[in-house]
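Just so you know, the working numbering puts the end of the sequence shown at 375, numbered straight through with nothing missing.
Where is the CB? At the ideal position from N, CA and C, for every residue including glycine.
It should be emphasised that the depicted structure is a prediction, and the values quoted were computed from it without experimental measurement.
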Amino acid sequence: MVSAFIPRTENVIGYSLSYVKFTHLVKKYPNTLKCRCSKIGIAYETFVKVHVNFHQVCSSQFIKQDWIDSISVERNTMSSTTSDIRSYFSFFWQVIEGFCVVSKSTWIDAIANFNASRVLTPMAVAEEVLRSQAQEDLRNHISIAQTNMAQSLLALRRTTAGNQFVSGLGTNFYLHYWSSSLEYWNNPKMSPVVFNNCSCLNINGCPRPIFISTSEDQSVAVPGMIIDCLIVDATLASTLECYYDPTCFRLLHNESTATVNLLLKDSNKYFQVNSTIQNLLDYLMIDELNTEIMFDKFYEQCNPAYCMYSYTHHFSTLFIITTIIGIFGALSFILRLLAPFLAHVIIHWKTRGASNECITENATNSASRRK
Numbered sequence: 005m006v007s008a009f010i011p012r013t014e015n016v017i018g019y020s021l022s023y024v025k026f027t028h029l030v031k032k033y034p035n036t037l038k039c040r041c042s043k044i045g046i047a048y049e050t051f052v053k054v055h056v057n058f059h060q061v062c063s064s065q066f067i068k069q070d071w072i073d074s075i076s077v078e079r080n081t082m083s084s085t086t087s088d089i090r091s092y093f094s095f096f097w098q099v100i101e102g103f104c105v106v107s108k109s110t111w112i113d114a115i116a117n118f119n120a121s122r123v124l125t126p127m128a129v130a131e132e133v134l135r136s137q138a139q140e141d142l143r144n145h146i147s148i149a150q151t152n153m154a155q156s157l158l159a160l161r162r163t164t165a166g167n168q169f170v171s172g173l174g175t176n177f178y179l180h181y182w183s184s185s186l187e188y189w190n191n192p193k194m195s196p197v198v199f200n201n202c203s204c205l206n207i208n209g210c211p212r213p214i215f216i217s218t219s220e221d222q223s224v225a226v227p228g229m230i231i232d233c234l235i236v237d238a239t240l241a242s243t244l245e246c247y248y249d250p251t252c253f254r255l256l257h258n259e260s261t262a263t264v265n266l267l268l269k270d271s272n273k274y275f276q277v278n279s280t281i282q283n284l285l286d287y288l289m290i291d292e293l294n295t296e297i298m299f300d301k302f303y304e305q306c307n308p309a310y311c312m313y314s315y316t317h318h319f320s321t322l323f324i325i326t327t328i329i330g331i332f333g334a335l336s337f338i339l340r341l342l343a344p345f346l347a348h349v350i351i352h353w354k355t356r357g358a359s360n361e362c363i364t365e366n367a368t369n370s371a372s373r374r375k
């Protein structure tokens, strides 16, 4: 009876379980279900799909060669640069186009490495566990790619600035002569661009806001636009704010006849309108990334031959009641069988006891009369 109330552990083995059966069991017995995979390493490319959207600028008309050519302006690099960026627009967009190309190439390499890598698990795991591990591994691959690209870009910028390479745009050094006299024309001189006491000999450059000269001969600051000693540094420090706003766009390209679609403010999923190009590049220009985990494909690759699980249970109340009734029923049946025999034995012993008492009494009386 007592054993009926003691918890019991049942061990179950299931062979060649389907994916549907596995998902049912893993929810019901998450702590005890064990399904050993037929292979330990499973490539991510067999069950993971990654969907990525780059910043809208990388698919816009602004990085197309037609647009870049349409805003190209001839300029005299022999003279000192000014802070009017109109003469640099084509180079600004060439740099951004290059960043888009590099970002996409870096992403392709990163996702190829991720797809070729394997999730190492000897057991089939729950979908939540697999999703978490896959996303963590993907983040690691992306982080490595971001770090490598950032280091390469930093090394390039430091090498260019440290060695004082002369920009072909004349933005950091400009060529001039000691004097307008013809005798000095054979001895030209390269001098660094200086702005507000900041010299382009400075390895960190001289970043400053962009001003546009309007038709009223006024200088208007352009939101988010920066000029620097090197066009790459200037581009990285700038934002694309003006290319979302029609008024600002007309200020920059008042003479352009090209028809382009501006960037859409509500199109970005992650980046802000005022995000710098450096910020975009830090994330490989990726504005949206979605990971699709096809768990059924993972389970198909895992292909466990069998699964084991255990569970603890008590006997049901109905079973206990039925058992008790059965026990008492069996006792009743046994008693019915033994009752006549027991009655006969009891009567026999009582009759025998009475006979012995009579014999003893008679013997006692006979002895008394003799005396």
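Where residue i sits in the DSSP three-state scheme
{"i": "residue 220", "result": "coil"}
{"i": "residue 20", "result": "coil"}
{"i": "residue 289", "result": "coil"}
{"i": "residue 296", "result": "strand"}
{"i": "residue 257", "result": "coil"}
{"i": "residue 269", "result": "coil"}
{"i": "residue 226", "result": "strand"}
{"i": "residue 243", "result": "strand"}
{"i": "residue 110", "result": "helix"}
{"i": "residue 280", "result": "strand"}
Alpha-carbon spacing of residue i relative to residue j, whole angstroms
{"i": "residue 19", "j": "residue 57", "result": "43 angstroms"}
{"i": "residue 222", "j": "residue 216", "result": "8 angstroms"}
{"i": "residue 4", "j": "residue 106", "result": "Lying outside 5 to 375, the shown extent of the chain, residue 4 is not represented and no answer is given."}
{"i": "residue 134", "j": "residue 25", "result": "18 angstroms"}
{"i": "residue 144", "j": "residue 191", "result": "55 angstroms"}
{"i": "residue 86", "j": "residue 69", "result": "Only weak support is given to the placement of residue 86: the predicted model assigns it a pLDDT of 41, under 50, and the value that follows is read from those uncertain coordinates. Roughly 25 angstroms between the two C-alpha positions."}
{"i": "residue 303", "j": "residue 128", "result": "7 angstroms"}
{"i": "residue 43", "j": "residue 310", "result": "13 angstroms"}
{"i": "residue 40", "j": "residue 289", "result": "41 angstroms"}
{"i": "residue 27", "j": "residue 33", "result": "10 angstroms"}
Cross-strand partners of residue i (DSSP beta bridge)
{"i": "residue 45", "result": "124"}
{"i": "residue 231", "result": "212"}
{"i": "residue 194", "result": "179"}
{"i": "residue 40", "result": "127"}
{"i": "residue 54", "result": "295"}
{"i": "residue 312", "result": "17 and 38"}
{"i": "residue 199", "result": "202"}
Proximity below 9 angstroms, CB of residue i to CB of residue j
{"i": "residue 381", "j": "residue 284", "result": "As displayed, the chain neither begins before 5 nor continues past 375, which places residue 381 out of reach and without an answer."}
{"i": "residue 312", "j": "residue 15", "result": "yes"}
{"i": "residue 179", "j": "residue 194", "result": "yes"}
{"i": "residue 235", "j": "residue 92", "result": "yes"}
{"i": "residue 139", "j": "residue 125", "result": "no"}
{"i": "residue 154", "j": "residue 286", "result": "yes"}
**Item:** Cβ pair count under 8 angstroms reaching 3, the stretch 148-161 against the stretch 60-78
**Value:** Fewer than three Cβ pairs drawn from the stretch 148-161 and the stretch 60-78 lie within less than 8 angstroms of each other, which leaves the two stretches out of contact.
**Asked** On the three-pair Cβ rule with 8 angstroms, is the stretch 44-54 touching the stretch 146-156?
**Response** no
**Item:** At least 3 beta-carbon pairs within less than 8 angstroms: the stretch 261-273 vs the stretch 239-252
**Value:** yes
**Asked** So does the stretch 160-170 actually touch the stretch 199-208, counting three or more Cβ pairs closer than 8 angstroms?
**Response** Per the Cβ contact rule, the stretch 160-170 is in contact with the stretch 199-208 (3 or more Cβ pairs under 8 angstroms).
**Prompt:** Can at least three beta-carbon pairs, one atom from the stretch 89-103 and one from the stretch 113-121, be found at a separation below 8 angstroms?
**Reply:** They do not touch, by the three-pair rule.
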